[in-house]
């Protein structure tokens, strides 16, 4: 079964509003989580690395003030898209890294969240 | 930042082996090769990973060349449910442990 869960699976929001997506690791404590964005027919693009208890590290070109990431606990990271615009419509996917050599040090992905901004 | 090269698409007959190649000529000695697949509108699914030895699990086999500059993912008996985009990823060796995705190979299993 899934070891990383995202919520909501899909969301529609109005332009100018903010929307939060949650990512939970279900059976391990994840000190590190990652957030990706994927546009149709394209590959996954890493947006940021989220470390529990510290500020996220954003990839070049990703606006940290627009995509707020919070990793307040070892099982939960949230991505908030602020002042959303239609061009932010995308598939957002999180992943979690188990600690140490648990599960072969492999990252596991959530089911993804579809965001549509109208 | 992806350090892998894969063919954009491949077809495979149902029941036959699917061999998906990946070039990673700049791989460092301590970097692993990971394979994930993504079925439409879902999150990527882990398949297998390896360092230098060949690996096998219940899903697939991973063959890594001796010079580690390329690898092949083998699905021994492809089924229609194996139709997906397959990503070969070289895991960065810095402390961030990031996974950067390339363009992947879109595998279509044909009845």
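Residue numbers (this note's numbering), protein chains in the order written: chain A, 4 to 121; chain B, 19 to 129.
Beta carbons are placed, not taken as given, at the ideal position from N, Cα and C, and that holds for glycine.
Here the structure is a predicted model, which is why all the values come from computation and not from measurement.
Item	Value
Beta-carbon proximity of residue 95 of chain A to residue 13 of chain A, cut-off 8 Å	no
Burial state of residue 42 of chain A, where buried means 16 or more other Cβ atoms lie within 10 Å	exposed
Residue 36 of chain B and residue 125 of chain B closer than 8 Å at C-beta	yes
Residues that residue 122 of chain A contacts on chain B, provided the C-beta gap is smaller than 8 Å	No statement about residue 122 of chain A is possible, as the shown extent of chain A runs from 4 to 121 and does not include it.
Cβ neighbours of residue 80 of chain A in the same chain (closer than 6 Å, five flanking residues each side left out)	26, 36, 53, 74
Where residue 89 of chain A falls: helix, strand or coil (DSSP)	helix
Residue from A/71, A/117, A/46, A/64 with nearest C-alpha to residue 58 of chain A	A/71
Short Cβ contact (8 Å threshold) for residue 102 of chain A with residue 60 of chain A	no
Cross-chain neighbours of residue 68 of chain B in chain A, by beta carbon under 9 Å	Correct list: empty, because the minimum Cβ distance to chain A is about 10 Å.
Of the listed residues B/54, B/106, B/94, nearest to residue 78 of chain B (C-alpha basis)	B/94
Contact set between residue 37 of chain A and chain B, taken where Cβ atoms lie within less than 8 Å	116, 117
Residue 119 of chain A vs residue 86 of chain A beta-carbon contact at 8 Å	no
Contact list for the stretch 44-61 of chain A against chain B, Cβ threshold 8 Å	46, 47, 48, 49, 52, 60
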